[in-house]
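Visitor:
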Amino acid sequence: MDNREIAFIEDCQKWNKENFAYLYDMYSEKIYNYIFSKTFDREMAEDLTSETFFKALDKIKSFKMWEKASFQAWIYRIAHNKIIDFYRKKKEDVTLEDYLDIKVEEIDFWANFDNKQKLKEVFKYFNTLKTEQRDILIMRIWDGLSYKEISQISWKSVSNCKKIVSRTLSKVNGDIVLALLLLAKFF
289 MDNREIAFIE DCQKWNKENF AYLYDMYSEK IYNYIFSKTF DREMAEDLTS ETFFKALDKI
349 KSFKMWEKAS FQAWIYRIAH NKIIDFYRKK KEDVTLEDYL DIKVEEIDFW ANFDNKQKLK
409 EVFKYFNTLK TEQRDILIMR IWDGLSYKEI SQISWKSVSN CKKIVSRTLS KVNGDIVLAL
469 LLLAKFF
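Quick look at the structure:
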């Protein structure tokens, strides 16, 4: 966290709520994209993003900078919990295709059959993963979060997060990992 961000957080904790707009501007797009990638519904993502920031504003006093958690990890954790609540209410499982809001048949940038097959293998593989493994891998590859931030969001140790990513990727061949990384580049 930079000094300006820390100052805004401290002001908000003293109930100077006007400075929360800075934090909102800094993180709202990231949080919206994170939630949208999990809900596939723009209106629901907007609602959950609003709920996330209302909860963050309401609970800003509970954020403790000295516990080595970044504000970004803290706000992602709130969003993550909102998503869990959303799916508990819906009680449905999602595929990677749904998660990314794409269909293999609709992808026009994959010009040849071989790449489409690899992409199908990626989707098939992702759909065999436990939700926790899939979430951690997606936070690392698609969201570009550090292991420390993933640890704070998932409540797992940094080393455990690294092991989950490493073991998950080691179970597939290099072509699928390459397709996975290329896919992440486009989304």
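Each residue of the sequence shown is one higher than the one before, starting from 289 at the first, in the working numbering.
Ideal Cβ positions, reconstructed from N, Cα and C, are used throughout, including at glycine.
Does DSSP put N291 in a helix, a strand or coil?
Guide: helix
Visitor: So, with DSSP's three-state summary, where would you put L433?
Guide: coil
Visitor: Can you list, in chain order, the residues of its chain whose CB lies under 8 Å from that of R330, leaving out five sequence neighbours each side?
Guide: F324
Visitor: What residue does the alpha helix (DSSP H) around W362 start on, and which one ends it?
Guide: 359-378
Visitor: Can you grab the Cα-Cα spacing for the pair V392 / A295, in whole Å?
Guide: Here the model assigns V392 a pLDDT of 44, short of 50, so the residue's position is not dependable, and the following value carries that caveat. Whole-angstrom Cα-Cα distance: 46 Å.
Visitor: Let me confirm a value: W362 is counted as buried when at least 16 other C-beta atoms fall within 10 Å, else exposed. Which label applies?
Guide: buried
Visitor: Provide the residue span of the alpha helix (DSSP H) that contains E334, from first to last.
Guide: 330-346
Visitor: Assuming Y312 and A367 form a contact by the criterion Cβ under 8 Å, report the distance between their Cβ atoms to the nearest whole angstrom.
Guide: So it is not a contact: roughly 13 Å between Cβ atoms.
Visitor: Looking at the structure shown, is N425 part of a helix, part of a strand, or coil, going by DSSP?
Guide: For the sequence presented, residue 425 should be read as Leu rather than Asn. Here L425 sits in helix by DSSP.
Visitor: For a test of the three-state rule: what should DSSP assign to Q301, helix, strand or coil?
Guide: helix
Visitor: Buried or exposed: which applies to N291, given that a residue is buried once 16 or more other Cβ atoms fall within 10 Å of its Cβ?
Guide: exposed
Visitor: Looking at A333: is its Cβ nearer than 8 Å to the Cβ of Y320?
Guide: yes
Visitor: In whole angstroms, give me the CA-to-CA distance for I395 and D346.
Guide: Below a pLDDT of 50, predicted positions are generally treated as unreliable, and I395, at 44, falls in that range; no measurement from the model is reported.
Visitor: Quick check on L417: does DSSP put it in helix, strand or coil?
Guide: coil
Visitor: Do you know how far the Cα of I426 is from the Cα of E298?
Guide: 31 Å
Visitor: Y320 by DSSP, collapsed to three states: which one?
Guide: helix
Visitor: Between the beta-carbon of I348 and the beta-carbon of C300, is there less than 8 Å?
Guide: yes
Visitor: If distances are taken between C-alpha atoms only, which option among L433, I424, K352 comes closest to N448?
Guide: I424
Visitor: Can you tell which of Q360, K302, S338, T340 has its C-alpha closest to the C-alpha of L433?
Guide: Q360
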